[in-house]
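Engineer: Chains as they are written, first to last, in numbering that gives the first Met the number 0: chain V, 0 to 131; chain Y, 0 to 131; chain F, 0 to 131; chain U, 0 to 131; chain G, 0 to 131; chain C, 0 to 131. Ideal Cβ positions, reconstructed from N, Cα and C, are used throughout, including at glycine.
Number of protein chains: 6
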Amino acid sequence: MFAVTVRDHVLVAHSLRGEVFGPAQRLHGATYVVDATFRRAALDADGIVVDIGLATRELGAVLADLNHRNLDDDPAFAGVNTSTEFLARVVADRLADRVSGGALGDGARDLAGITVVLHESHVAWASYERPL
Amino acid sequence: MFAVTVRDHVLVAHSLRGEVFGPAQRLHGATYVVDATFRRAALDADGIVVDIGLATRELGAVLADLNHRNLDDDPAFAGVNTSTEFLARVVADRLADRVSGGALGDGARDLAGITVVLHESHVAWASYERPL
Amino acid sequence: MFAVTVRDHVLVAHSLRGEVFGPAQRLHGATYVVDATFRRAALDADGIVVDIGLATRELGAVLADLNHRNLDDDPAFAGVNTSTEFLARVVADRLADRVSGGALGDGARDLAGITVVLHESHVAWASYERPL
Amino acid sequence: MFAVTVRDHVLVAHSLRGEVFGPAQRLHGATYVVDATFRRAALDADGIVVDIGLATRELGAVLADLNHRNLDDDPAFAGVNTSTEFLARVVADRLADRVSGGALGDGARDLAGITVVLHESHVAWASYERPL
Amino acid sequence: MFAVTVRDHVLVAHSLRGEVFGPAQRLHGATYVVDATFRRAALDADGIVVDIGLATRELGAVLADLNHRNLDDDPAFAGVNTSTEFLARVVADRLADRVSGGALGDGARDLAGITVVLHESHVAWASYERPL
Amino acid sequence: MFAVTVRDHVLVAHSLRGEVFGPAQRLHGATYVVDATFRRAALDADGIVVDIGLATRELGAVLADLNHRNLDDDPAFAGVNTSTEFLARVVADRLADRVSGGALGDGARDLAGITVVLHESHVAWASYERPL
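1) Find the nearest neighbour of valine 122 of chain Y within the set Y:Thr30, Y:Glu57 and Y:Pro130, judged by alpha-carbon distance.
2) What's the gap between the Cα of threonine 144 of chain G and the Cα of isoleucine 113 of chain V?
3) Which residues in chain F sit within 9 Å of alanine 127 of chain C, going by Cβ to Cβ distance?
4) What first and last residue would you give for the alpha helix (DSSP H) that runs through threonine 55 of chain G?
5) Asparagine 69 of chain F versus chain G: which residues are under 7 Å apart at the beta carbon?
6) I want to see whether chain Y comes within less than 9 Å of alanine 60 of chain C, judged by CB atoms only; does it?
7) Against chain C, with Cβ distances strictly below 9 Å, would isoleucine 113 of chain F count as a contact?
8) Examine chain U for any beta-carbon lying closer than 9 Å to the beta-carbon of valine 90 of chain Y, and answer yes or no.
9) Report buried or exposed for alanine 125 of chain Y, applying the criterion of at least 16 other Cβ atoms within 10 angstroms of its Cβ.
10) Pick out whichever of Y:Gly100, Y:Leu15 and Y:Ala41 has its Cα sitting closest to the Cα of aspartate 50 of chain U.
11) Within 10 Å of its beta-carbon, does arginine 108 of chain F have 16 or more other beta-carbons around it, so buried, or fewer, so exposed?
12) Exposed or buried, alanine 75 of chain V, counting other C-beta atoms within 10 Å across all chains shown (16 or more means buried)?
13) Restricting to runs no shorter than 4 residues, where is the alpha helix (DSSP H) found entirely within the region 78-127 of chain G?
14) Label aspartate 64 of chain V either buried or exposed according to how many other C-beta atoms from any shown protein chain fall within 10 Å of its C-beta, with 16 as the threshold for buried.
15) What in chain G is Cβ-close to phenylalanine 85 of chain F, meaning under 7 Å?
16) Is tyrosine 127 of chain G closer than 9 Å to phenylalanine 37 of chain C when the C-beta atoms are compared?
17) State the start and end residues of the unbroken beta strand (DSSP E) segment that holds valine 3 of chain C.
18) Compute the beta-carbon to beta-carbon distance between valine 116 of chain G and alanine 87 of chain G, rounded to the nearest angstrom, for a pair I have assumed lies under 8 Å.
19) Grouping DSSP H, G and I as helix and E and B as strand, with all else coil, what is alanine 137 of chain G?
20) Going by beta-carbon coordinates alone, are glycine 28 of chain U and alanine 54 of chain U separated by less than 9 Å?
21) Between the Cα of valine 5 of chain F and the Cα atoms of F:Phe20, F:Val19, F:Ala35 and F:Arg25, which residue gives the shortest distance?
22) Do you know whose CA, among V:Leu131, V:Arg39 and V:Ala41, lies nearest alanine 95 of chain V's CA?
23) Sorted by chain position, which residues of the same chain lie with C-beta nearer than 8 Å to valine 142 of chain C's C-beta, five sequence neighbours on each side aside?
24) Going by C-alpha distance, which of Y:Leu110, Y:Leu103 and Y:Arg129 is nearest glycine 59 of chain Y?
25) Per DSSP, what kind of secondary structure is alanine 35 of chain F in: helix, strand or coil?
26) Using 10 angstroms around the beta-carbon of alanine 41 of chain U, count the other beta-carbons present and answer buried if the total reaches 16, otherwise exposed.
27) Here's the rule I'm using: 16 or more other beta-carbon atoms within 10 Å means buried, otherwise exposed. How should serine 120 of chain V be labelled?
28) Got a sec: is the Cβ-Cβ distance from alanine 75 of chain V to anything in chain Y below 9 Å?
29) Alpha carbons only, please: which of U:Ala111, U:Leu110 and U:Asp7 is nearest the one belonging to glutamate 57 of chain U?
30) Which one or two residues does DSSP pair with arginine 68 of chain V in a beta bridge?
31) Confirm, please, whether the CB-CB distance from aspartate 45 of chain G to valine 19 of chain F is below 9 Å.
32) Taking all protein chains shown into account, decide if arginine 99 of chain F is buried (16 or more other Cβ within 10 angstroms of its Cβ) or exposed.
33) Per DSSP, which residues does alanine 29 of chain V bridge with? Please list them.
34) Against glycine 17 of chain U, what residues of chain V qualify as contacts under a CB-to-CB distance less than 9 Å, listed in chain order?
35) Between histidine 118 of chain C and the rest of its own chain, which residues show a CB-CB distance below 8 Å, the 5 nearest in sequence each way excluded?
36) Along chain C, in chain order, which residues have C-beta atoms closer than 7 Å to that of valine 122 of chain G?
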């Protein structure tokens with residue numbers, strides 16, 4: 000199995016609901032350093048997994064919709080906790096939609112899966128892995 | 000599949016037996032930077048994989064039993080080589096015991112698996128992955 | 000010259016005022032991975048720059064006053080932009096106060112200077128360096 | 000499952016053919032920081048996955064055949080794009096040959112698989128994973 | 000003293016002349032992960048060292064003139080060795096020209112100095128530091 | 000000012016004397032990831048700070064005298080605490096001796112200074128800087 004990963008980052012504010020979150024129930028924020036991995040069993044005609052330029056552009060576009068925002072105000076996240084693991088799935092699912100929509104090129108429709116890792120600090124990160 | 004990882008470290012002395020280890024047969028030591036990953040298929044009611052505060056606390060507790068010690072003197076390791084890969088399993092198994100004992104919360108009993116990575120330097124690391 | 004550095008992190012929300020900040024004028028947030036460096040010309044009687052346990056504790060205490068907060072609501076920062084470089088000075092100055100107050104031990108009063116680096120992502124960081 | 004990883008690096012020049020590569024169609028180069036991971040289900044008689052000294056030596060030997068070269072001139076790569084993901088497979092396959100040839104020791108013949116990651120920058124990397 | 004650093008990278012081919020370079024006398028290449036640091040004694044009216052957006056854009060522009068090229072063919076480097084340390088000065092000097100030309104904003108003319116670090120691998124890097 | 004840095008690592012056991020060290024008074028160990036930086040005002044005739052091959056070799060030689068050893072048994076360290084900052088000076092001074100002895104080449108005698116950083120974990124490091 001082959002894989003290619005591109006890295007970007009996003010800066011958000013949010014709060015989390017539930018006693019388990021302790022002081023993180025207050026409005027605060029985080030930098031998420033985001034790694035998006037694209038997997039496939041065989042390389043395409045150009046000898047690659049995915050056009051890394053398109054992968055970088057589309058990851059950037061997905062993150063731009065979240066960047067420099069207070070996620071508590073985003074209707075897409077009403078009533079849910081925007082935990083790091085939850086946001087990893089949001090990014091992975093939105094990338095998957097872009098793959099199926101053709102934004103990563105026709106060849107990208109043969110991708111087998113996506114994994115997204117969100118690093119919230121040097122000592123904690125979360126990920127979501129899904130097939131395509 | 001979702002995953003959450005927390006990082007901590009431990010400082011130990013030890014020696015290894017067997018020609019394969021060369022100069023590492025002498026008493027020496029290492030810093031292990033330790034990554035513990037918890038996996039599950041679906042998020043819990045709070046929208047998380049595991050309470051990251053509890054995960055950090057329990058990883059710290061597991062490492063405290065090893066920290067600032069000469070592993071050659073630890074009865075738990077009598078007659079075995081405390082290689083990096085062996086110690087990765089020790090940490091994973093002890094975390095698994097704490098999960099099943101409830102130390103990471105009731106919800107953590109739905110975890111699917113644990114992976115522990117021990118970084119022994121910037122150029123070498125070992126891991127152990129197990130189901131729960 | 001000797002130096003010792005300890006690392007911790009803090010999660011905050013804030014907004015920045017001024018056209019130069021573009022979308023960062025909106026309420027957002029950041030993880031700052033914080034490196035605090037203590038310098039001195041000669042080691043103390045124990046052969047160290049500073050008690051690393053106390054240095055870690057005091058850095059943690061300084062960051063706890065900022066952690067999981069919206070800095071826009073902090074009276075200490077009324078009317079100023081809490082830029083990364085500005086916050087580096089805040090952390091350095093508060094550490095300096097603790098050094099002079101004795102919180103890092105009597106020997107720490109011989110420290111020559113402090114540098115604080117705040118990493119806001121994998122591609123940007125800021126620092127402030129001051130004498131003691 | 001246990002795993003051990005060793006890291007090394009290689010410096011190469013090359014060009015890539017196809018519009019998808021944009022300016023990378025010109026002759027340029029890259030540092031690849033290379034992580035080679037060896038996996039097996041159970042530890043060997045010495046309590047390890049593989050002799051880390053041999054693993055490091057053999058990874059170094061595989062990379063020496065590529066290092067400080069223009070890959071466009073290497074007959075082994077005639078007519079193919081030496082993309083990062085393609086080179087990850089080259090390194091993995093050449094390591095696999097060395098494992099089966101005994102260069103990593105007799106015990107290494109019980110290895111279950113190899114994964115090779117090539118980091119081409121701080122924001123992009125590629126990998127190839129294969130069984131043994 | 001305050002400082003702000005931004006990171007980017009560049010991919011080049013080149014060869015080096017002189018016995019000291021051994022196999023690096025052959026045409027090869029490297030990824031340079033580039034950190035550009037801007038220093039000043041006091042923050043500007045916006046509370047910053049430099050507009051990080053402009054700093055990132057101008058570093059990118061300086062690197063674009065080198066990226067995906069064979070430096071052996073660049074007339075600007077005729078007769079010199081494009082060693083990592085030499086290239087660090089090239090990037091620093093070109094950034095300094097842009098600062099004095101106003102490309103980083105009027106306030107940037109108060110910058111005290113620039114340091115550029117070029118990482119050529121995970122085990123080697125070089126830097127050049129200059130006043131402005 | 001130009002600088003070149005090379006990285007290596009060393010694995011040692013030791014104990015520290017003094018209440019300030021708490022549990023580190025017990026025999027334990029550490030991996031030190033070691034960065035040695037060489038500085039000079041102008042490049043040499045080859046356009047470099049120092050022959051990076053020789054710098055790497057000599058750093059390796061200095062570390063080999065410490066590697067896989069219990070520093071408590073080393074007569075060179077009798078009666079002193081082998082703290083991270085102390086060991087940074089040991090490495091820097093031994094490198095300085097090799098520079099003045101010619102082991103890094105004749106040109107290296109024009110080096111202005113050396114800085115050695117010892118990383119003891121992902122959250123703590125120490126350094127020593129000296130002129131030549």
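Structural biologist: Reading it off the structure:
1) Minimum Cα-Cα distance from valine 122 of chain Y among the listed residues Y:Thr30, Y:Glu57 and Y:Pro130 corresponds to Y:Thr30.
2) The displayed coordinates of chain G run from 0 to 131. Any statement about residue 144 of chain G would go beyond what the structure contains.
3) Note on identity: in this sequence residue 127 of chain C is tyrosine, with alanine being the wrong assignment. Residues of chain F passing the Cβ test: Met0, Phe1 and Ala2.
4) Taken as a continuous stretch (DSSP letters only), the alpha helix (DSSP H) holding threonine 55 of chain G covers 51-63.
5) Chain G residues near asparagine 69 of chain F: none, gap ~18 Å exceeds 7 Å.
6) Taking 9 Å as the CB threshold, alanine 60 of chain C stays off the interface with chain Y.
7) Chain C, which has no Cβ nearer than 9 Å to the Cβ of isoleucine 113 of chain F, makes this no.
8) For valine 90 of chain Y, the answer is no, since every Cβ of chain U falls outside 9 Å of its Cβ.
9) The residue is buried, with at least 16 neighbouring Cβ atoms inside 10 Å.
10) Checking every option, the nearest Cα to that of aspartate 50 of chain U belongs to Y:Leu15.
11) Burial call: exposed.
12) Exposed: under 16 other Cβ atoms inside 10 Å.
13) Counting whole runs of 4 or more residues, the region 78-127 of chain G contains the alpha helix (DSSP H) stretches 83-99.
14) With fewer than 16 other Cβ atoms within 10 Å, it is exposed.
15) Within 7 Å Cβ-Cβ: Leu42 and Gly46.
16) In this structure, phenylalanine 37 of chain C keeps its C-beta atom at 9 Å or more from the C-beta atom of tyrosine 127 of chain G.
17) That run of the beta strand (DSSP E) goes 1-13.
18) Contact between valine 116 of chain G and alanine 87 of chain G is confirmed by a C-beta separation of about 7 Å, below the 8 Å threshold.
19) Nothing about residue 137 of chain G can be reported from this structure: the residues present for chain G run from 0 to 131 only.
20) No, they are not a contact pair.
21) Considering only alpha carbons, the answer is F:Ala35.
22) Nearest neighbour of alanine 95 of chain V by Cα position, chosen from V:Leu131, V:Arg39 and V:Ala41, turns out to be V:Leu131.
23) The structure shown does not extend to residue 142 of chain C, since chain C spans only 0 to 131, so no value can be given for it.
24) Here the closest residue by C-alpha is Y:Leu103.
25) In the displayed model, alanine 35 of chain F falls within a strand according to three-state DSSP.
26) Answer is exposed; the Cβ neighbour count stays below 16.
27) By the 10 Å Cβ count, serine 120 of chain V comes out buried.
28) Under the Cβ distance rule, alanine 75 of chain V does not count among the residues neighbouring chain Y, no pair being separated by less than 9 Å.
29) Nearest option by C-alpha distance: U:Asp7.
30) BP columns for arginine 68 of chain V point to V:Val11.
31) Going by C-beta atoms, valine 19 of chain F is nearer than 9 Å to aspartate 45 of chain G.
32) In the sequence under discussion, the amino acid at residue 99 of chain F is serine, which differs from the arginine named in the question. By the neighbour-count rule (16 or more Cβ atoms within 10 Å), serine 99 of chain F is not buried but exposed.
33) Beta-bridge analysis with DSSP links alanine 29 of chain V to V:Val11.
34) Those within 9 Å of glycine 17 of chain U in chain V are Ala44, Asp45, Gly46 and Ile47.
35) Result list for histidine 118 of chain C: Tyr31, Val32, Val33, Asp34 and Trp124, in chain order.
36) Chain-order list of chain C residues neighbouring valine 122 of chain G: Val5 and Arg6, by C-beta distance under 7 Å.
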